[in-house]
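J.: Here the numbering used here is used: the first residue of the sequence shown is 135, the next is one more, and so on.
We put the CB at the ideal spot given by N, CA and C, even for glycine.
Pasting a structure below so you can have a look.
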Amino acid sequence: MNLIFLLQLLLGLSVLGVALYLLTPRRYQSADSVATSYDEWTEDGILEFYWGEHIHLGHYGSPPERRDFLKAKFDFVHEMVKWGGLDKLPQGTTVLDVGCGIGGSSRVLASDYGFAVTGVTISPQQVKRAQELTPDGVNAKFQVDDALALSFPDASFDVVWSVEAGAAYAG
Ligand SMILES: C[S@@+](CC[C@H](N)C(=O)[O-])C[C@H]1O[C@@H](n2cnc3c(N)ncnc32)[C@H](O)[C@@H]1O
């Protein structure tokens, strides 16, 4: 077997491996595995470094225009507020932000609209980071909770907010 053939074989196997990885959907494992992944991404700061405090897509206007990537994420929250009619609700409205990440939306809802927000996530590290990022006086608190087995009694909140989180809840 000559060297060229060996290299070609290795390259072919690598390409095949990458293709198989990309083409094989990764199956949902458990809430614990989701929590562990978000814990790791929060601890190493990779999501926050690239995406800022919002782990969701942005709004780029209608018609779409060029916008700063991080600003567009804030704009998206305000668009969702309008779209959902939340801008007509009084200050003090209670909101549960399910799958709150590191609390980006929760803080906007509390600071800009005067809502009393509780953010829940399956990831303890996200709760810790959300608390660190929330200044005193902003009415947003955070706790670990599982969206599929929430610890609150029924009808505890006026509004439930959940952005880009549902797909992670279960397989
Ligand atoms: C893509 S992030 C979106 C975060 C946030 N909504 C935002 O827009 O910045 C998905 C969030 O869902 C949370 N999550 C996933 N499964 C969950 C579950 N079973 N219960 C509660 N939160 C969960 C993750 O921990 C993460 O905070």
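Alpha carbon to alpha carbon, how far is I138 from L144? Give it in angstroms, no decimals.
T.: 10 Å
J.: Are G235 and E177 close, meaning C-beta to C-beta below 9 Å?
T.: No.
J.: Since I believe F291 is in contact with L223 (beta carbons under 8 Å), could you give me their beta-carbon distance rounded to a whole number of angstroms?
T.: Between F291 and L223 the Cβ distance is about 12 Å, and since that is not below 8 Å, they are no contact.
J.: Would you check if the distance between the CB atom of A302 and the CB atom of G233 is smaller than 9 Å?
T.: yes
J.: If we require 3 or more residues per run, which beta strand (DSSP E) segments fall completely within the region 253–297?
T.: 274–278, 293–295
J.: Is E187 near ligand 1, in the sense that its beta carbon is under 8 Å from a heavy atom of that ligand?
T.: yes
J.: In three-state terms, what does DSSP make of L137?
T.: helix
J.: Bridge partners of V229, per DSSP?
T.: V251, V293
J.: At a cut-off of 8 Å, would you count I180 as near ligand 1, judging by its Cβ distance to the nearest heavy atom?
T.: no
J.: If you run the structure through DSSP and keep just helix, strand and coil, what is I180?
T.: In the three-state reduction of the DSSP assignment, I180 falls in the helix class.
J.: Give the C-beta separation of V278 and P258 to the nearest angstrom, bearing in mind that I take them to be a contact with Cβ-Cβ under 8 Å.
T.: 5 Å
J.: Could you tell me if the beta carbon of G232 falls within a distance shorter than 8 Å of some heavy atom in ligand 1?
T.: According to the sequence displayed, residue 232 carries Val and not Gly. Result yes, Cβ under 8 Å from ligand 1.
J.: Around the Cβ of F286, are there at least 16 other Cβ atoms within 10 angstroms (buried) or fewer (exposed)?
T.: exposed
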